[in-house]
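Undergrad: I have a structure I would like to understand better, so I am pasting it below and will then ask my questions one at a time.
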Amino acid sequence: MIRAAPPIALLLVLGACDGGGDPVQQALREASAANQAAATHTTAEIQAAAQTADQAYVAKMIAHHEGAVATARVALRDSRDPEIRRMAQSVVDAQTREIAELKAWAPTPAPAAN
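Numbering (full-length UniProt numbering), first residue to last: 1 to 114.
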């Protein structure tokens, strides 16, 4: 009777595993589903963060350029040095154009999720 115990125990253990199909295949399916869910979630987060980063970059660059233009206009108003005045005018021209480009390109916020 003692010799019959291990085979019976083995049958009980194997019988308990049989209910859900191949446990390796089941584990692979579960892992695949979890990875797919994580990848989808991560992709959405990356896209949202990228859009937020784009918006932040554009907003900060516009503010930076506006500050540079204001400073250059002060130099144009107050400076008598022709080289400073040339550089200041160059800043006004270039950065005013870049502000317009940034405003035209500025990404729009993503629509709110329902």
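All C-beta atoms, glycine included, are put in the ideal place defined by N, C-alpha and C.
At 4 residues or longer, and completely inside the UniProt domain "DUF305" (29 to 105): list those alpha helix (DSSP H) runs for me, N to C.
TA: 82 to 105
Undergrad: Pull up the CB-CB distance for VAL92 and ARG73, whole angstroms please, since I reckon it's below 8 Å.
TA: 6 Å
Undergrad: Kindly indicate which residue of ALA27, ALA104 and THR96 has the alpha-carbon position closest to the one of HIS64.
TA: Among ALA27, ALA104 and THR96, the Cα nearest to that of HIS64 belongs to THR96.
Undergrad: Mark ALA88 as exposed unless 16 or more other C-beta atoms lie within 10 angstroms of its C-beta, in which case mark it buried.
TA: buried
Undergrad: Can you give me the Cβ contacts of VAL69 inside the same chain, cut-off strictly under 8 Å, excluding the 5 residues immediately before and after it?
TA: VAL91, VAL92, GLN95, THR96 and ILE99
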